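So the structure is just underneath, and the comments pick up after that.
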Amino acid sequence: MRSFICLLLFIPCFAFGQAPKNLKADIKLPKDPAYTAAPNGFPVFDTESQVLNAFNFARRQEEKQLKLPVNSLGTLSFPENYQQLPAAQRALLLTNQERTARAKVDYGAGKGPGLPLEALETHLNEVAQAHATDMATHDFFGHTSHNGRTTLQRINAQAVFSGKCYEFMSRAENIYMFCYYSSEKPALQMPVFITEQAIFSWLYQDATVAWGHRETLLIQDKDASGGTGFHNDRGSAGSEGFLGVGLSTKVDYSPCAKFPGYQRVGHVVVMNFVDPAANCSYTLP
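Numbering (mature numbering (1 follows the signal peptide of the UniProt record, and there is no 0)), first residue to last: -17 to -1, 1 to 268.
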């Protein structure tokens, strides 16, 4: 069988501090199966050890790029049951590890709080999943839904995030697309570590979109461009904000480029971010 893999990633929503600085250049992984299954330095993870090796390599490279103290970003580790967790829970855990790793690290404008996100939120998961399904069903890739709704319109359509129960931020959504190609009939199975691939790409290989995905993942009271972040006026002051995660897969997904002799499958990841209001009720799974 001859097959190969292609990676595409895109577009933060609402590009606009107390947040880590952006990198100066993309961090490419070593062309070594200890870090990635891809031959081109992009993150394609088949094993948990590849995920750990890749993120820890990238942390060391970030320290070098931004002249941070050696090992100031620490070493990523996972609980023993990490791979058995649902993809959304792993996305929250990994995102929070990357956020808190930067707590008290001085990027040149003082030390930021590095607060973790509070939790997944059931209705926000539904928003993210609906958009992932919409992109697969209607064969497109973008922040605007097939019927013209924006990210904020989709979020605010949920009653729990309407009116005073939603506090505006300059960031609301990241989306990611991974294209797989095979000379045989392709499998529809979602790659196990698809959310980890998305998070790595957004954090460490985001130069083509001016680091907008990275700013979304690491946003604190402001993002790295000065845009509005979390008000952190709900619950414990030690965490802030909700996350929603959606995944979808489609054979012959049109946004993936065509190559003669190969069949294509597109895998999509959506992550939504919300700043909840202090006195509203939400559903935390």
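From the three backbone atoms N, C-alpha and C, an ideal C-beta is built for every residue, glycine too.
This one's a predicted model, so the numbers in the text were calculated from it and none came from an experiment.
Could you give the distance in angstroms between the alpha-carbon of residue i and the alpha-carbon of residue j?
i	j	result
Thr78	Phe213	16 Å
Asn215	Lys147	15 Å
Phe(-2)	Lys168	Interpretation of Phe(-2) is limited by its pLDDT of 31, a score under 50 that renders its predicted location unreliable; the figure taken from the coordinates is listed afterwards. Distance between the alpha carbons of Phe(-2) and Lys168 is about 42 Å.
Asp117	Ser55	41 Å
Ile158	Pro52	32 Å
Gly210	Phe151	11 Å
Gln246	Ala20	19 Å
Gly249	Gln172	11 Å
Asp89	Pro99	17 Å
Pro62	Arg154	29 Å
Ala260	Arg217	6 Å
Pro22	Ser145	46 Å
Ser222	Glu101	5 Å
Arg132	Ala115	14 Å
Ala220	Gly97	12 Å
Arg137	Ser237	23 Å
Ile(-13)	Ser264	Note on Ile(-13): pLDDT 44, under 50, position unreliable in the model; no value is reported.
Glu46	Leu230	32 Å
Phe242	Pro13	26 Å
Gly244	Ala170	16 Å
Glu109	Ala140	11 Å
Val234	Pro26	21 Å
Taking C-beta to C-beta, are residue i and residue j nearer than 8 Å?
i	j	result
Ile10	Tyr187	yes
Thr266	Glu104	yes
Ala8	Ala142	no
Leu201	Arg82	yes
Asn255	Ala111	yes
Asn36	Thr58	no
His126	Thr134	yes
Val34	Phe161	no
Ser184	Glu198	no
Ala74	Val228	yes
Gly95	Arg85	yes
Gln203	Ala17	no
Check for me: the alpha helix (DSSP H) holding residue i runs from which residue to which?
i	result
Gly24	Per DSSP, Gly24 belongs to no alpha helix (DSSP H) and is neither H nor E.
Glu46	31 to 48
Tyr164	It is not in any alpha helix (DSSP H) - Tyr164 instead sits in the beta strand (DSSP E) that spans 156 to 165.
Ser184	177 to 187
Val110	105 to 120
Thr199	195 to 201
Glu81	70 to 84
Ile138	134 to 139
Determine the extent of the beta strand (DSSP E) in which residue i is found, giving its start and end residues.
i	result
Ser145	Ser145 -> no beta strand (DSSP E), and no H or E assigned at all.
residue 352	Because the chain here runs from -17 to 268, residue 352 falls outside it and cannot be looked at.
Thr232	225 to 234
Going by other Cβ atoms of all chains shown within 10 Å of its Cβ, with 16 needed for buried, is residue i buried or exposed?
i	result
Lys4	buried
Ala240	exposed
Leu107	buried
Gln67	exposed
His129	exposed
Gln180	buried
Phe28	buried
Lys87	exposed
Lys205	buried
Val252	buried
Asp258	buried
Gly224	buried
Pro174	buried
Ala41	buried
Arg(-16)	Annotation note: pLDDT 30 at Arg(-16) (below 50); position unreliable, coordinate value reported separately. By the neighbour-count rule (16 or more Cβ atoms within 10 Å), Arg(-16) is not buried but exposed.
Gly195	buried
What do you reckon, is the C-beta of residue i under 7 Å from a heavy atom of the ligand SAH?
i	result
Gly218	Within the structure as shown, the ligand SAH is missing, as the structure has no ligands at all.
Using DSSP's beta-bridge definition, name the partner residues of residue i.
i	result
Phe213	Its beta-bridge partners do not exist; DSSP assigns none.
Asp206	Bridge partners of Asp206: none, in fact.
Asp89	Lys94
Glu150	Asp258
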